[in-house]
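*Asks:* Structure below; questions to follow.
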Amino acid sequence: KAGVTQTPRYLIKTRGQQVTLSCSPISGHRSVSWYQQTPGQGLQFLFEYFSETQRNKGNFPGRFSGRQFSNSRSEMNVSTLELGDSALYLCASSPRTDLNTEAFFGQGTRLTVV
Amino acid sequence: LAKTTQPISMDSYEGQEVNITCSHNNIATNDYITWYQQFPSQGPRFIIQGYKTKVTNEVASLFIPADRKSSTLSLPRVSLSDTAVYYCLGSSGTYKYIFGTGTRLKVLA
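Protein sequence lines, in the order shown, are assigned to chains E and U.
For the first sequence, the residue numbers in the numbering used here are 1 to 114.
For the second sequence, the residue numbers in the numbering used here are 1001 to 1109.
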């Protein structure tokens, strides 16, 4: 069974640009969640999608958005990039949306904003 | 907003048992407590999950007291490959997936 796939693995963008990251969950998993990981703030929850609907959202500005498609694949978008957006962005999939379910993480997309 | 607290780092020697404690206030009544392990440049990996008392699997044990405001991950006989960051996962209900600060475990030969 293929794991969670995130593309691209690495990305360099300039301040003010926007970026789209992609996540393909494990087959059959309908919940996809996104996290930002930085050395200073650790792992922070961005949002979660289940069956194309955003179910939970973390405390991030509106520049961070996401969506989920009918095949459960998900994208997250960051507009007007800031230097502080440089981070490892992780995607996780699980079969259900509740916390009592193991989440499977991808290897992440490392975004560098210059 | 729920807050989880863990020791920032721990050192241990190969073959020893390691216990990492996480405190988590505001955990929802129906939510479980979950621990993840993360190696550098990789996403976190599920270790163990429990609701109360004690849970054991092939890699770890999880102890949760009756008030559920804390949990202790126990790693028996650690090896060098257990060097990683360990996170406990709590929930506040609104902000559903809250990772702790993580505990950086270093296993020494």
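Glycine included, C-beta positions come from ideal geometry on N, C-alpha and C.
With a threshold of 16 other CB atoms inside 10 Å of the CB of Ala2 of chain E, please say whether the residue is buried or exposed.
*Replies:* Translated into positions along the first sequence, residue 2 of chain E becomes position 2. That one is exposed.
*Asks:* Classify Ser93 of chain E: buried if its beta carbon has 16 or more other beta carbons within 10 angstroms, exposed otherwise.
*Replies:* Residue 93 of chain E sits at position 93 when you count from the first residue of the first sequence. Result: buried.
*Asks:* Grab the span of the beta strand (DSSP E) containing Ile1047 of chain U for me, first residue to last.
*Replies:* Counting from one through the second sequence, the residue named residue 1047 of chain U turns up at place 47. Segment 1045-1050, the beta strand (DSSP E) holding Ile1047 of chain U.
*Asks:* Compute the Euclidean distance between the alpha carbons of Cys73 of chain E and Gly1090 of chain U, then round it to the nearest angstrom.
*Replies:* In the first sequence, the residue the question calls residue 73 of chain E occupies position 73. In the second sequence, the residue the question calls residue 1090 of chain U occupies position 90. In the sequence on display, residue 73 of chain E carries Arg and not Cys. The straight-line gap from Cα to Cα measures roughly 26 Å.
*Asks:* By the 9 Å beta-carbon criterion, what residues does the segment 50-73 of chain E contribute toward chain U?
*Replies:* Residues passing the 9 Å Cβ filter: Arg55, Asn56, Lys57, Gly58, Asn59.
*Asks:* With distances taken from CA atoms, which of E:Thr112, E:Val113, E:Phe104, E:Val114 is nearest Gln1038 of chain U?
*Replies:* Translated into positions along the second sequence, residue 1038 of chain U becomes position 38. Nearest option by C-alpha distance: E:Phe104.
*Asks:* Reducing DSSP to helix, strand and coil, say where Leu81 of chain E ends up.
*Replies:* Counting from 1 along the first sequence, the entry for residue 81 of chain E is found at position 81. Leu81 of chain E falls in the coil class under three-state DSSP.
*Asks:* So Thr1053 of chain U is in the beta strand (DSSP E); what residue range does that whole segment cover?
*Replies:* For the purposes of this step, residue 1053 of chain U is taken as the residue at position 53 of the second sequence. 1053-1056 is the extent of the beta strand (DSSP E) around Thr1053 of chain U.
*Asks:* What does the Cβ neighbour count give for Asn56 of chain E, buried or exposed, with the cut at 16 atoms within 10 Å?
*Replies:* Numbered from 1 along the first sequence, position 56 holds the residue referred to as residue 56 of chain E. Under this definition Asn56 of chain E is a buried residue.
*Asks:* Determine the chain U residues that contact Ala2 of chain E at a beta-carbon separation under 9 Å, and present them in chain order.
*Replies:* Within the first sequence, residue 2 of chain E is the residue found at index 2, counting from 1. Result: empty, since nearest Cβ-Cβ is about 14 Å, beyond 9 Å.
*Asks:* Could you pull out every residue in the same chain whose Cβ sits closer than 6 Å to the Cβ of Phe110 of chain E, ignoring the five residues on either side in sequence?
*Replies:* Locating residue 110 of chain E in the first sequence gives position 110, where the first residue counts as 1. Inspection of the sequence shows that residue 110 of chain E is occupied by Arg rather than by Phe. Same-chain partners within the cutoff: Tyr10, Leu88.
*Asks:* So Gln107 of chain E contacts chain U; which residues on that side make the cut at Cβ distance below 8 Å?
*Replies:* Translated into the one-based positions of the first sequence, residue 107 of chain E becomes position 107. Those are Ser1041, Gln1042, Gly1043, listed as they occur along chain U.
*Asks:* Compare the C-beta of Phe1099 of chain U against all C-beta atoms of chain E and say whether one is closer than 8 Å.
*Replies:* For this step, residue 1099 of chain U is matched to residue 99 along the second sequence. Taking Cβ atoms only, chain E reaches closer than 8 Å to Phe1099 of chain U, which makes this a yes.
*Asks:* Using the Cβ count rule (16 or more neighbours within 10 Å means buried), how would you classify Pro25 of chain E?
*Replies:* Start at 1 with the first residue of the first sequence, and residue 25 of chain E comes out as number 25. Buried: at least 16 other Cβ atoms inside 10 Å.
*Asks:* For Arg1077 of chain U, which option in U:Pro1065, U:Val1085, U:Ser1061, U:Gly1100 has the closest C-alpha, if you only look at C-alpha atoms?
*Replies:* As a working mapping, residue 1077 of chain U is identified with position 77 in the second sequence. Of the listed residues, the one whose Cα sits closest to Arg1077 of chain U is U:Ser1061.
*Asks:* Shorter than 7 Å, the distance from the beta carbon of Ile1064 of chain U to the closest heavy atom of the ligand MN, or not?
*Replies:* The ligand MN is absent from the structure shown, which contains no ligands of any kind.
*Asks:* Where Tyr1086 of chain U and Gly1102 of chain U are concerned, what is the direct C-alpha to C-alpha distance, given to the nearest angstrom?
*Replies:* If you number the second sequence from 1, residue 1086 of chain U lands on position 86. If you number the second sequence from 1, residue 1102 of chain U lands on position 102. Whole-angstrom Cα-Cα distance: 5 Å.
*Asks:* Are the CB atoms of Thr1053 of chain U and Asn1019 of chain U within a distance shorter than 8 Å?
*Replies:* As a working note, residue 1019 of chain U is residue 19 in the second sequence. As a working note, residue 1053 of chain U is residue 53 in the second sequence. For Asn1019 of chain U and Thr1053 of chain U, no; Cβs fall outside 8 Å.
*Asks:* Quick one: give me the first and last residue of the beta strand (DSSP E) that Ala1084 of chain U is part of.
*Replies:* Within the second sequence, numbered from 1, the residue matching residue 1084 of chain U stands at position 84. Per DSSP, Ala1084 of chain U belongs to the beta strand (DSSP E) from 1084-1090.
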